[in-house]
Amino acid sequence: MAMFAGPDYGVTNTKIGPWYESFIRAFEAAGHQVAYTAHRQCNFVDWPDVIQEDVVVGLKEFNPDICIIFNFAFWDLSEIVDCPILIYASDSYLYWPNLSKIKAHPDRYFFCVSEDSVEYLRKIGVKDYQIGECHPFSMITPEEKEKKSNIVYIASKFMNYSNRLTHTEVNSFLSTNPTDEERNEFRLAIRYFKKHPYSEVHDLIRQNIIRSEKVINHFFPAALRMELSDENRIGILAEVADLGLDLYGSGNWATDYYYQTELMLCYSNQIVKSFKENMDAYNSSKIGICIGHIQAVNGFPWRVLDILNSSACLVSDYHKDYDKCFPKDLFPVFNNKYEARELCKKVLADESWRKHMVLRCNEYVQTHFSFRKILDEISELTGVDL
843 MAMFAGPDYG VTNTKIGPWY ESFIRAFEAA GHQVAYTAHR QCNFVDWPDV
893 IQEDVVVGLK EFNPDICIIF NFAFWDLSEI VDCPILIYAS DSYLYWPNLS
943 KIKAHPDRYF FCVSEDSVEY LRKIGVKDYQ IGECHPFSMI TPEEKEKKSN
993 IVYIASKFMN YSNRLTHTEV NSFLSTNPTD EERNEFRLAI RYFKKHPYSE
1043 VHDLIRQNII RSEKVINHFF PAALRMELSD ENRIGILAEV ADLGLDLYGS
1093 GNWATDYYYQ TELMLCYSNQ IVKSFKENMD AYNSSKIGIC IGHIQAVNGF
1143 PWRVLDILNS SACLVSDYHK DYDKCFPKDL FPVFNNKYEA RELCKKVLAD
1193 ESWRKHMVLR CNEYVQTHFS FRKILDEISE LTGVDL
């Protein structure tokens, strides 16, 4: 397995993130030997063609039955190994490097992805028999611990502003002294983009939403997805900060200034990165809140199953896949920051209701989301007996 290890967090250990650790543990618990490598190369361009020598030697010595690469964030191993290569999505294809490698040899890989990425893969030559669905699971177990937090949130802050307050796409556009008409056009384009985050500039031009050359030259979807996701995440967390939020994650929650003092003071520099640290944080909180990327329209974050299988109550933004994965009233779902605040207040005010939801969620996850199902689906997809 190969994966991006995540933000540095200022430590030099080899922690790989709780979900990846869970994935490895689950394979090992099923009787499989797993070799993995983690890196900190987070970019969306192709990896070099020449593969690091120790990687080649290690692969040949290990002789894998299957290679699993998360987000294709690794060298292309198609000429090094003869076994199936499974690209397992932890994000939308928008954030994968090596897309040109897939386009060049679309028949060499298998894919486990959310619905958002399927149509793109078809467009670049991948056949339906090569595509499977990413099914959630959790290795976390619920434990009744002292509740140190009312609400816990564990995630990265997307943008790293490095103390610069005027470098967003909107700032860049405004620095050109746009007319009122151009400002309004940019505003309408942003509103459309929030609802259709997979859109590119040509889509907005075709929809007659963007007409101005100035707007065209300053509307960068890749950057805006990150900035708008950041804005949404900060807005929701700021709305619940005074209810007793503990915030863990990348250090830029503390080093950036984003005009939300109450939220900044919720940040703890305690590292929550390993499987056990993640499990302890959720089990020590009354609520685990979930806020996805704006492009996570269908699929939902991995943390959803972890919270559902802990002794915290999940309060989450809406994702379309909830409709097919869960009963409608299993946990509270919000559509904006104001609903998020009211739902958190309601859960915190009624401990018996909170515990009842937690118990129902635990039972539902343990009944419907076994890792054995994931292994069976990977086996069916790739032909490898797992």
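Mapped onto our numbering, the consecutive letters of the sequence shown carry residue numbers 843 to 1228. Ideal placement from N, C-alpha and C gives every residue a C-beta, glycine not left out.
Is it right to say residue i is buried, meaning 16 or more other beta carbons lie within 10 angstroms of its own, or is it exposed?
{"i": "I1149", "result": "buried"}
{"i": "F953", "result": "buried"}
{"i": "N1074", "result": "buried"}
{"i": "T1021", "result": "exposed"}
{"i": "K943", "result": "buried"}
{"i": "K965", "result": "exposed"}
{"i": "Y935", "result": "buried"}
{"i": "S1092", "result": "buried"}
{"i": "Y1180", "result": "exposed"}
{"i": "G852", "result": "Here the model assigns G852 a pLDDT of 44, short of 50, so the residue's position is not dependable, and the following value carries that caveat. When all chains shown are included, G852 counts as exposed."}
{"i": "R1053", "result": "exposed"}
Considering only the alpha carbon of each residue, which of the options lies closest to residue i?
{"i": "M1230", "options": "N1019, S1153 and E1042", "result": "Outside the modelled stretch of the chain, which goes from 843 to 1228, sits residue 1230, for which no answer is possible."}
{"i": "T983", "options": "S959, N1204 and Y1100", "result": "N1204"}
{"i": "R950", "options": "R1145, H874 and D918", "result": "D918"}
{"i": "I929", "options": "G873, E921 and W938", "result": "W938"}
{"i": "G1134", "options": "I1047, M1068, K989 and E1023", "result": "M1068"}
{"i": "Q1049", "options": "E1027, F1000, S1017 and K1187", "result": "E1027"}
{"i": "I911", "options": "E903, V898, S932 and Q972", "result": "S932"}
{"i": "Y1090", "options": "K999, I922 and N940", "result": "K999"}
{"i": "P1063", "options": "F904, I1076 and A1031", "result": "A1031"}
{"i": "V1057", "options": "T1018, Y878, L1085 and Y1040", "result": "T1018"}
{"i": "A946", "options": "S1092, D970, S920 and L936", "result": "S920"}
{"i": "F1173", "options": "Y1206, T1103 and A1191", "result": "Y1206"}
{"i": "R1196", "options": "Q1208, K1115, P1169 and I1129", "result": "I1129"}
{"i": "E957", "options": "H1161, C925 and F904", "result": "H1161"}
{"i": "A1182", "options": "F1168, D1163, D1159 and S1194", "result": "D1159"}
{"i": "V898", "options": "Y878, F914, N913 and I922", "result": "I922"}
{"i": "K986", "options": "L1228, G1225 and N1151", "result": "At residue 986 the sequence reads Glu, which differs from the Lys that was named. Minimum Cα distance to E986 is reached at N1151."}
{"i": "W861", "options": "A1065, D1084, A997 and K1170", "result": "A997"}
{"i": "Q1208", "options": "D1192, D1171 and L1147", "result": "L1147"}
{"i": "G1086", "options": "L1070, T1224 and E1104", "result": "E1104"}
{"i": "H1060", "options": "R1029, P1169 and P1039", "result": "R1029"}
{"i": "T1224", "options": "M843, V887, G967 and D907", "result": "D907"}
{"i": "L1070", "options": "N1094, W1095, F1117 and P1039", "result": "P1039"}
Taking the alpha-carbon positions, what's the residue i to residue j distance?
{"i": "N1005", "j": "N1013", "result": "For N1005, the predicted structure reports a pLDDT of 43, less than 50, and the residue's modelled location is therefore unreliable. The matter cannot be settled from this model."}
{"i": "N992", "j": "S1127", "result": "6 Å"}
{"i": "R1033", "j": "E1042", "result": "14 Å"}
{"i": "E1222", "j": "I927", "result": "14 Å"}
{"i": "K1166", "j": "A880", "result": "33 Å"}
{"i": "M845", "j": "Q1112", "result": "23 Å"}
{"i": "H1210", "j": "F869", "result": "18 Å"}
{"i": "Q972", "j": "D896", "result": "29 Å"}
{"i": "N940", "j": "K1036", "result": "26 Å"}
{"i": "I1131", "j": "P948", "result": "38 Å"}
{"i": "A872", "j": "S959", "result": "29 Å"}
{"i": "L1190", "j": "N1125", "result": "15 Å"}
{"i": "V876", "j": "I1220", "result": "15 Å"}
{"i": "D1163", "j": "E1011", "result": "31 Å"}
{"i": "I858", "j": "M981", "result": "15 Å"}
{"i": "N1097", "j": "F914", "result": "The residue asked about is misnamed: residue 1097 is Thr in this sequence, not Asn. Taking the straight line from one Cα to the other gives about 30 Å."}
{"i": "E792", "j": "D1088", "result": "The requested residue 792 does not occur in the structure, where the chain is confined to residues 843 to 1228."}
{"i": "D970", "j": "Y962", "result": "12 Å"}
{"i": "C909", "j": "L901", "result": "9 Å"}
{"i": "V994", "j": "A1123", "result": "7 Å"}
{"i": "K1115", "j": "E1055", "result": "45 Å"}
{"i": "K989", "j": "S1194", "result": "15 Å"}
{"i": "L1016", "j": "E1024", "result": "10 Å"}
{"i": "L1228", "j": "F1117", "result": "23 Å"}
{"i": "F1168", "j": "V1175", "result": "12 Å"}
{"i": "S1110", "j": "D1072", "result": "19 Å"}
For the beta strand (DSSP E) that residue i lies in, which residues bound it at each end?
{"i": "V955", "result": "Y951 to V955"}
{"i": "V1229", "result": "In this structure the chain extends from 843 to 1228, so residue 1229 is not present and cannot be described."}
{"i": "N1125", "result": "Not the beta strand (DSSP E): N1125 falls in the alpha helix (DSSP H), residues F1117 to N1125."}
{"i": "D881", "result": "Sequence inspection shows His at residue 881; the Asp mentioned does not correspond to that position. Looking at the DSSP string, the run of the beta strand (DSSP E) that includes H881 is T879 to H881."}
{"i": "E975", "result": "I973 to E975"}
{"i": "Y1090", "result": "L1087 to Y1090"}
{"i": "I927", "result": "I927 to Y930"}
{"i": "F846", "result": "A844 to F846"}
{"i": "F912", "result": "C909 to F912"}
{"i": "N992", "result": "S991 to I996"}
What span of residues does the alpha helix (DSSP H) with residue i cover, start to end?
{"i": "M1106", "result": "T1103 to M1106"}
{"i": "S1071", "result": "P1063 to V1082"}
{"i": "S1221", "result": "F1213 to T1224"}
{"i": "D1045", "result": "V1043 to R1048"}
{"i": "A1138", "result": "It is not in any alpha helix (DSSP H) - A1138 carries neither H nor E in the DSSP assignment."}
{"i": "S839", "result": "The structure shown has nothing for residue 839, since the chain only spans 843 to 1228."}
The region 975-994 contacting the region 1202-1220, beta-carbon criterion three pairs below 8 Å = Yes: at least three Cβ pairs fall under 8 Å.
Would you check if there are 3 or more beta carbon pairs closer than 8 Å linking the region 1181-1198 to the region 1139-1147?
-> They do not touch, by the three-pair rule.
Are three or more beta carbon pairs between the region 861-869 and the region 886-904 nearer than 8 Å?
-> For the pair of segments examined, the region 861-869 was found not to touch the region 886-904: the number of CB pairs separated by less than 8 Å stays below three.
For the region 1045-1064 against the region 1075-1088, are there 3 or more C-beta pairs whose distance is under 8 Å?
-> Because the criterion of three Cβ pairs below 8 Å is not met, the region 1045-1064 and the region 1075-1088 do not touch.
Three or more C-beta pairs below 8 Å linking the region 1151-1165 and the region 1192-1200 = Taking 8 Å as the limit for Cβ pairs, the verdict is that the region 1192-1200 does touch the region 1151-1165.
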